[in-house]
Structure formats: structure tokens, C-alpha cells
Amino acid sequence: MESLGDILKRLQLQISSGAADYPADWLAAVEEEAKEPVCPVCRDLGWVRHEVGLDHPDFGRAFPCVCRRERGAADRLERLRRFSNMGSLAKVSLEAITAAGPSAEARARFEAALDAARAYADDPRGCFMLVGGSGTGKTHLAAGMANRLMERGEAVFFTFVPDLLDHLRATYGPDAEVSYDELFEQVKTVPVLVLDDLGRHSTTPWAEEKVYQVLNHRYLNDLPTIVTSSIALDRLDPRLQQRLLDPRTSRVMDLGAAASAGGQRVGAVPQEMLKHMTFETFESAGRADEPEQRETLEAALAMSSAFARDPHGWLVLVGDSGCGKTHLAVAVANTQLERGEEVFFAFVPDLLDHLRYTFSPDSRVTYDELFDRVKQTPLLVLDDLGSETSTAWANEKLYQIVVHRHNARLPTIITTRAIPTGSHDPVASRLNDPRLVVVMPITAPDYRQLGARPQRKRAASAG
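Everything in the sequence shown is counted per the working numbering, starting at 740 for the first residue and increasing by one.
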């Protein structure tokens, strides 16, 4: 593969304006080393000068040789791909990409992004931006768009943003293959530019300025630009936000939130729980021996099913461990996810750990991003409230979540072993608000215990 310097050096063949169309100039940058017989007209230079007098307007001008015009479409595409810097991504096809994701919500987001990507590849205008967590498919969609554009004859340059900045820094070295001006100009003016993973570069003033200069130039000149990013857009340089989020020239597709360090997306219901905890698998008899216990299970099932059909207000499921609270909460989440709705599921101690981790320098998500997701999500499931370590910080975070969702009347499901009752407890006050909250106690025993059912007490016999 040619080095970046070799490619750009061959871009320096100067031609007069109007001698050839712009894409042809870029094709000149990706000529192969001579593998065929030398062209008898231009000797594989690709350009010729007409034998005309000094007073002729074509005197001294370079024109494409006939050998360039005779190259077939396959050869043209191969040269475009060699220039594109895509490597193995040159094999990605939009036609072969199918919607994927761990949930109905994720698949719906990806399907919408795929449709939008296909439309943009057929008519590239302005900026097309793909945002979402690592592994959501942003880079594959961007590569598929680039490949379709190359099949249509467009010159595309694909670059990972941190790598681009490294190349620019290297141009200052004494042994640089290409000058800074040469590289920077080509990136700014290439017909289609793909910037992969914007925001992962070092946020030095120099780096921020270079990225802004590239995007600002392309914005002002209405050059098609495809951008992917795995960070929240409000964390980008405000100047970049103005250029990338202009509704007149940009389209942004959100593929969903980032993954946690363990690979499970923060807020996602674990797949095993989704698989096994449904309304169909819920045993309304449980291990209940007393009629009153079975009645609470049946009532909880009916109430949860109704909430799943039309989630309004709050549903609080109260009971001892193993009575079926979490099963019903996940079943509601399952129903909503199958409808393509967004759900944030959190085991409360884990949620607090995630919030603490956002303060780490290694965190890929900020505290504000995660906390705002929890507060604003259309349906929040807080599992096992009260099992968390009761520190002042933890109590404050839970209070802020509960107060925000209570004031906004956002659908929320809470499972807990006991409702707090303190007269001065602000969380207890909101959980006991009958105008918004339905509390469903479940008195059935732990269904995980496989021993004999508790025996009914016999009335003492007379006599």
C-alpha cells in the first residue's frame, strides 16, 4: 500500500482550472505503479499537452490523456478504494448490513440509521453524523456509505480522527514525507470526508483548532462529510456543535448509549432476565399456601400487566426476596422494549456504583450524561431500592432521581422490600403519594426455596 506521502506527492501535478473535472484530479493521486505496457501517448504520465502555437489559448495547458478516459469502471473503483484509506472496511456493504442490537429499541434505532445512511449515500449533502456507544455499528454504517459513494464514482477519504491528528503533527518533523499544508489542504477539500470517532482525540487547543478548521471549511463550502462519535454531543467544542448540528445542513442519527466497562450497556436489562422473566412465565400461584398470598400474586400480575399496556404514574412492588417483584418489573420492561420503547433498568446498588465510576478519568461517560439518562428516561425501573449502602452521597443521588421523576410524573417502577415511612423522609413522602403512586404489596413466600410448602395451621380440636 502506498504511503500517505506518496499519494499526496502525486496530487501536486498542477493543471489549469477547467482542464479536467475535480474527481479526475483525485484519481490521479491513486495511479498504480506501471504494470501494463507504457501508454505510447503520455508514457503513463496521464496528462498531455497540445502542440499549439504560443498565441493559442491551450498553449501550456495539461489535458487528460486518452488512456485515462479509457480505463473501465472497475479500474476506477479500485483506484478510488486505494485512495480511500479504508483498509478492510472497503468490504463493508450497506446492502449486507442488517439491523442488530440487544433489544427492540436498539434494533429500531439501527434500522432508522441504516435507512438514513442509504438515503445519504444516494444523495450526499451536508453533514451526516452517527452517534452512539462503542459497538453500536457507527463505523460499519459510515464505511458502507463510503463504499456506496465510491461505487458511484465519488472520491472518499476515511480517517480515524486521532490518527489524522498524528499525521498532521508528523508533518512538522524534518523527515516528513509530505508537508503540513499539503495534507491539511487535501483533508479539507476531498469530495467526501469520513471522520471516524470524533471526540476521542486529545483535547489540546491545537487538536481542537485543527478539527474545527477542517469541519468549518467543509461546512462553509457545503462539502459532504460523514462523522461518527461515541461521546455526547454537548461535550464537543461549542464551535463544532454549531457546525455539526445545524439543522439546515446536518442530520444526526443516535444509535444508543455507551456500554459499561463489563460490556453490558448501562441501563439495559440483562438478556437472561429478558428471556426468562415474562408475564407468560410468571407463576401466579407461586409457593403461596394461604389464599391471601395467592391473591396478592394475582393482583400484582394484573396490575403489572395493565401498567405494561399503558405505563402511567408509578408502580411500587413491595415484598420479601423471591416473591416475584423483579420478575414482574422485568416483564413490564420486556413488553415496552418489544414495542420499541426506551427503558432504563437498574439494580440500585449497581446504579450508584456506575455513577461513582463516572468520576474516574477512565470513564467513557460523564456523570451528567448518565445521571440525566436516569432522570429523563421514558420508563425507569429501580430494582431493590433500599438494598444500597446508606451514605449521605447515595441518599442524595436517589433523592434527586425520585424528586425529578415525581415532579415530572414520569413512568417509574420500583421494587423494594419495605416502603420507607419516616415522617421527615422526602423519598418516603413521594413513594406514599396516592395521587401518582400505586403500591402493590406481595406477601407470598420466596419461590426460589424448593422445600416443602409451609403447612396451614390447624384449628385446635375441641374436646
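Glycine residues also receive a C-beta, built at the ideal position from the N, C-alpha and C atoms.
Computed from a predicted model, the values in this text were never measured in an experiment.
CA-to-CA, the gap between residue 1120 and residue 1056 works out to about 11 Å. Assigned with DSSP and collapsed to three states, residue 779 falls in coil, not helix or strand.
Ranked by Cα distance from residue 1185, the first of 1174, 1076, 1060 is 1060. Taking residue 934 as the centre and dropping the five residues before and after it, the same chain places the C-beta of 900, 966 closer than 6 Å to its C-beta, in chain order. Judged by DSSP secondary structure, residue 905 falls within the alpha helix (DSSP H) whose first and last residues are 900-909.
Using a C-beta cut-off of 8 Å, the region 1169-1188 makes contact with the region 1024-1031, since at least three inter-stretch Cβ pairs fall below that distance. Fully enclosed beta strand (DSSP E) runs of no fewer than 3 residues occupy 989-993 of the region 974-1024, in order along the chain. Scanning 872, 861, 862 for the CA closest to the CA of residue 849 turns up 872. In this chain, the beta strand (DSSP E) harbouring residue 803 covers 801-803. If you draw a straight line from the Cα of residue 1064 to the Cα of residue 1049, it is about 19 Å long. Under DSSP, residue 788 takes part in a beta bridge, and its partners are 801.
Burial check for residue 1098: the Cβ neighbour count within 10 Å stays below 16, so the residue is exposed. For residue 982 and residue 957, the gap between their C-alpha atoms comes out near 9 Å. Counting C-beta pairs with one atom in each stretch, the region 1123-1131 and the region 1079-1089 have three or more that are closer than 8 Å, which means they touch.
Three or more Cβ pairs closer than 8 Å define a contact, and the region 1130-1143 meets that threshold against the region 1154-1167. Spatial neighbours of residue 1017 in its own chain (CB-CB distance under 6 Å, excluding positions within 5 residues in sequence) are listed in chain order as 1070, 1073. The beta-carbon distance between residue 964 and residue 932, rounded to whole angstroms, is 5 Å. This is short enough to meet the 8 Å contact definition. Nearest to residue 863 by alpha-carbon distance, out of 930, 1062, 903, 851, is 930. One thing to note: residue 986 has its Cβ no nearer than 8 Å to the Cβ of residue 1051.
The beta carbons of residue 856 and residue 884 sit closer together than 8 Å. The beta carbons of residue 1079 and residue 847 sit closer together than 8 Å. Per the coordinates, the alpha-carbon of residue 905 lies some 20 Å from the alpha-carbon of residue 878. The continuous stretches of beta strand (DSSP E) do not include residue 1140, which lies in the alpha helix (DSSP H) extending over residues 1131-1147.
Per DSSP, reduced to three states, the secondary structure at residue 837 is coil, with no helix or strand assignment. Annotated three-state conformation of residue 868 is strand, per DSSP.
Assigned with DSSP and collapsed to three states, residue 1117 falls in coil, not helix or strand.
Look at residue 1154 here: in three-state DSSP terms it is strand. By the criterion of a C-beta distance shorter than 6 Å, residue 893 is surrounded in its chain by 930, 931, once the five residues flanking it on both sides are discounted.
Looking at 939, 953, 990, the one whose alpha-carbon comes closest to that of residue 974 is 939.
Spatial neighbours of residue 1171 in its own chain (CB-CB distance under 7 Å, excluding positions within 5 residues in sequence) are listed in chain order as 1158. Here residue 897 carries a strand assignment [DSSP, helix/strand/coil]. In the DSSP annotation of this structure, the continuous segment of the alpha helix (DSSP H) that includes residue 861 starts and ends at 843-861. In this structure, residue 927 keeps its C-beta atom at 8 Å or more from the C-beta atom of residue 950.
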